[in-house]
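Number of protein chains: 4
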Amino acid sequence: METRDDGAPRRGRPRSEEAHDAILAASLALIREVGFDAVAMDAIAARAGVGKATVYRRWKSKELLVVEAIGRIVRAVPDPDTGSTEDDLMVLMNATLRMYADPATSALLSGLVAAMARSEPIARAVRGGFVGMRREALRRVLRRGIDRGDLRGDTDLELALDLLSGPMLYRYLISGEAVDERLARGSVHAVLRAFAQDRSTEGPNLEVVR
Amino acid sequence: METRDDGAPRRGRPRSEEAHDAILAASLALIREVGFDAVAMDAIAARAGVGKATVYRRWKSKELLVVEAIGRIVRAVPDPDTGSTEDDLMVLMNATLRMYADPATSALLSGLVAAMARSEPIARAVRGGFVGMRREALRRVLRRGIDRGDLRGDTDLELALDLLSGPMLYRYLISGEAVDERLARGSVHAVLRAFAQDRSTEGPNLEVVR
Amino acid sequence: METRDDGAPRRGRPRSEEAHDAILAASLALIREVGFDAVAMDAIAARAGVGKATVYRRWKSKELLVVEAIGRIVRAVPDPDTGSTEDDLMVLMNATLRMYADPATSALLSGLVAAMARSEPIARAVRGGFVGMRREALRRVLRRGIDRGDLRGDTDLELALDLLSGPMLYRYLISGEAVDERLARGSVHAVLRAFAQDRSTEGPNLEVVR
Amino acid sequence: METRDDGAPRRGRPRSEEAHDAILAASLALIREVGFDAVAMDAIAARAGVGKATVYRRWKSKELLVVEAIGRIVRAVPDPDTGSTEDDLMVLMNATLRMYADPATSALLSGLVAAMARSEPIARAVRGGFVGMRREALRRVLRRGIDRGDLRGDTDLELALDLLSGPMLYRYLISGEAVDERLARGSVHAVLRAFAQDRSTEGPNLEVVR
DNA sequence: TCCTAAGCGAGACGGTACGTCCAGTCTTCGT
DNA sequence: ACGAAGACTGGACGTACCGTCTCGCTTAGGA
């Protein structure tokens, strides 16, 4: 974001790290308090004890700032390898479940989605951020599932990923129903069944699943 | 919206239907032209040839108006009964596909999602509107699939619905990848496979899976 | 105002006198409560228990209504004839003083003045109304003063009238100082002195002035 | 208006003088074009090439702005000292006459009067502004008249001022008759006569009047 | 006795201005 | 050249009021 790898000699007062952190912290706090798109830049700057120009010097728009602020929340995505495809998937699904359950995160989601639609840079940032990390983690697990023979070799990985991530999103954004472990486990089972090795030829895969 | 079936005698000049329709039409036109949240109430009123008060008399906020306007777009949802569960599902999925493909509708989706999150009334309106209609149509088809023996009797209908609707939403909002027939057909197949009657035995498959 | 002396046969439901009176009463009450130009026609109609059309059927504009309402306050102007020009004038001045002192009337004055400037019909109505009545009464007294020999025969009556009425208005509207008997008596004395018969002879009075 | 003499260090971008002046100029121009209370803040801001917030940052309401704008019109009040009280007074009266004759000023007067009645701050501003300046100039002349012996030592100065200013105001606002030199000269003569030293005797002049 | 014109309360209508609030930029200090 | 502070343009927001228009209803006189 504020890379300065141009080798230029960098003169003048250096940027304050405290300011940077204070802005991100203030953004998060305000987003939690009033919601994604009721946050005002004036309020963020005031809360951070910072001038508005200082904010805009670092982020080109409110949305880009908020995206980065949100990125702070979800830092680490697990990379499980228990030997069981189902268990591995459930580890990741439970992590996502926790994100939906956390009021701090969930309140942002829909506003974030709107911001992504409005602006391709934001969309890229989000896709390259925690969304991409989660997706990549799931992909690794699924690939191991294929290697292990739990899933067919011709499994459409992208489809499988969407079958795992889509239902939770849909419930959260649209139907407003519970995003809980029942849903997570149901999605996982559905994917495992849908892309399972054919029983008749390769022997009963259901045994394998466990 | 402003039904008045309370038997009260309804005094004063009645609200103008022309104004009502003109407002909705103007809203739709403007939404298509400038997008969901760049629409201005002033512009809607002006375009409709109507005072702002006339708009606010009917809808408490811009979002509620726009929600209703959007509801106008998608009126009829097909109710197919071809004899094949897969074909029936694909008819509905294709209808949804067309909605995502239609620039008029798709541009609104993310803004609408954000509005739902901001406001419970809007969420209710959307859920009760075209979202509910599509969901109900899918549910009917799935139930016929169960009756026909294509799907197991203990199929988790809500999960199946989310597996059908979620991936398209996810792709559209998050990953930005194509929402096409390949995805639709893949989702349908996955659901049919996941909830298929076990061919070899009649035993409840959940026992087996676990 | 709503004369109907055209000899036409007057068909249909006659106008309600109660409504008429209620409107005037409501106008006065509201003017007293919120001031001349903070009165809203909606409020007047509501307070009078009357539809707005009923108001506009009788008065073409808010200002014309308010003018008539104000006219109700000051009905009778005295017509004193005590034998003393000074005493007669003071009777009238005291009546005007009471008008300025009455919060009900005084609050209206400035708004009324603005309305007169905005609209010639209003100006005419006011001039022909209580302003004209007061002026006429003063004029009669002054004429008797001339007849009696208290004032010179060539007295500029209009100037004298303005010298009597202007200072009170000025204090009330502009300087905000007390409009009291001291001012009234001072004005009367000034006029009597200024237009007094020359005591010594009929000699040129301009000599005297300088 | 927005003095900042409190010794505080005044941080942030200072208010733009160009904007300030542009707003006042635009206000005056619009007032002349459309009249005192048909001026719209939007129009003023647009004409001045300024955001509305910039206007409201300086003046709390339209009226306060317009008052200050009007104050700009009449800057200098003459301070004549010809040796003749009558001539001195006529110099000032003629200046006032010109103000009433100038369409730019006169159109504002009644609206201004209403604004004064509505709001004490406005009244104070006007009284402290050009009204006060004129009044002070008249007062100085009258005092010299007393020193010179043209007027009695016990002359009620305030009364004399009101006798000079009131009639013009009254004609302008109420009777609608000409505010011309005849009126001005008549008022001056009346005041000079009314407060003249008694030539013949030193006896109290009130005896004479009665 | 019915007809028809006008009035009635209620409240919606088109317009217009209000004063507030943000976004993103710019300008003054002082560090 | 950074920092905080805060003013800048521009434009949407939702409210309030004016004077008009339309409902369904009532009240008269004339047929």
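Protein chains in written order, with our numbering: chain E, 1 to 210; chain P, 211 to 420; chain R, 421 to 630; chain C, 631 to 840. A virtual CB, placed ideally from N, CA and C, is assigned to each residue, including glycine.
Tell me the DSSP secondary structure of residue i in three-state form.
i: Ala826 of chain C; result: strand
i: Glu212 of chain P; result: Residue placement at Glu212 of chain P is poorly supported in this model, since its pLDDT is 41, which falls under 50; the coordinates still yield a value, given next. Coil at Glu212 of chain P, not helix or strand.
i: Gly679 of chain C; result: coil
i: Glu597 of chain R; result: coil
i: Thr411 of chain P; result: Confidence at Thr411 of chain P is low in this model, with a pLDDT of 43, below 50, so its placement is unreliable and no value can be given for it.
i: Lys692 of chain C; result: helix
i: Val39 of chain E; result: coil
i: Asp21 of chain E; result: helix
i: Leu794 of chain C; result: helix
i: Ala286 of chain P; result: coil
i: Ala607 of chain R; result: What sits at residue 607 of chain R in the sequence shown is Ser, not Ala. Helix, per DSSP.
i: Thr295 of chain P; result: helix
i: Gly565 of chain R; result: helix
i: Arg754 of chain C; result: helix
i: Val838 of chain C; result: Residue confidence for Val838 of chain C is low, a pLDDT of 38 falling below 50, so the modelled location carries little weight and cannot support an answer.
i: Gly222 of chain P; result: coil
i: Ser329 of chain P; result: coil
i: Arg98 of chain E; result: helix
For residue i, which residues in chain C fall below 8 Å Cβ to Cβ?
i: Ser539 of chain R; result: Those within 8 Å of Ser539 of chain R in chain C number zero; the least Cβ separation is about 11 Å.
i: Asp457 of chain R; result: Ala744 and Arg748
Taking DSSP's pairing of strands, which residues face residue i in a bridge?
i: Leu318 of chain P; result: DSSP lists no partner for Leu318 of chain P.
i: Leu367 of chain P; result: Note: Leu367 of chain P sits in no beta bridge, so no partner.
i: Leu361 of chain P; result: P:Ala406
Chain R partners of residue i, CB-CB under 9 Å?
i: Ser740 of chain C; result: Ser530, Val533, Ala534, Ala535, Met536, Ala537 and Arg538
Please identify, using Cβ separations under 9 Å, the residues of the stretch 510 to 523 of chain R that lie next to chain C, in order along the chain. Hits within the stretch: zero.
Which residues, in chain order, does the stretch 793 to 805 of chain C contribute to contact with chain R at a C-beta distance below 8 Å? For the stretch 793 to 805 of chain C, which is checked against every Cβ of chain R, the residues closer than 8 Å are Leu793, Ser795, Gly796, Pro797, Met798, Leu799, Tyr800, Arg801, Leu803, Ile804 and Ser805.
Examine the Cβ distances between the stretch 389 to 397 of chain P and the stretch 155 to 169 of chain E and report whether three or more of them are shorter than 8 Å. Cβ pair count under 8 Å is three or more, so yes.
Is the number of C-beta pairs between the stretch 71 to 87 of chain E and the stretch 285 to 295 of chain P that are closer than 8 Å three or more? Result no; under three Cβ-Cβ pairs closer than 8 Å.
Closer than 8 Å is the cut-off here; do at least three beta carbon pairs connect the stretch 99 to 108 of chain E with the stretch 167 to 184 of chain E? By the Cβ rule, the stretch 99 to 108 of chain E counts as touching the stretch 167 to 184 of chain E, because three or more pairs are nearer than 8 Å.
Residues of the stretch 746 to 774 of chain C with Cβ closer than 8 Å to any Cβ of chain R, in chain order: Of all residues in the stretch 746 to 774 of chain C, Met746, Ala747, Arg748, Ala753, Val756, Arg757, Val761 and Arg765 have a Cβ within less than 8 Å of some Cβ in chain R.
Under 9 Å (Cβ pairs) to chain P, residues found in the stretch 183 to 197 of chain E: Of all residues in the stretch 183 to 197 of chain E, only Leu183, Gly186, Ser187, His189, Ala190, Val191, Leu192, Arg193, Ala194, Phe195 and Ala196 come within less than 9 Å of chain P when Cβ atoms are compared, listed by chain position.
Pull out every residue of the stretch 774 to 789 of chain C whose Cβ sits closer than 8 Å to any Cβ of chain R, in chain order. Listed by position along the chain: Asp780, Asp786, Glu788 and Leu789.
Decide yes or no for the touch test of the stretch 555 to 574 of chain R against the stretch 466 to 481 of chain R: beta carbon pairs closer than 8 Å, at least 3 of them. They do not touch, by the three-pair rule.
Could you tell me whether the stretch 111 to 126 of chain E touches the stretch 35 to 45 of chain E, using the rule of 3 or more Cβ pairs below 8 Å? Yes, the stretch 111 to 126 of chain E touches the stretch 35 to 45 of chain E.
Meets three-Cβ-pair contact criterion under 8 Å: the stretch 338 to 345 of chain P and the stretch 119 to 129 of chain E: Under the 8 Å Cβ criterion, the stretch 338 to 345 of chain P does not count as touching the stretch 119 to 129 of chain E, having fewer than three qualifying pairs.
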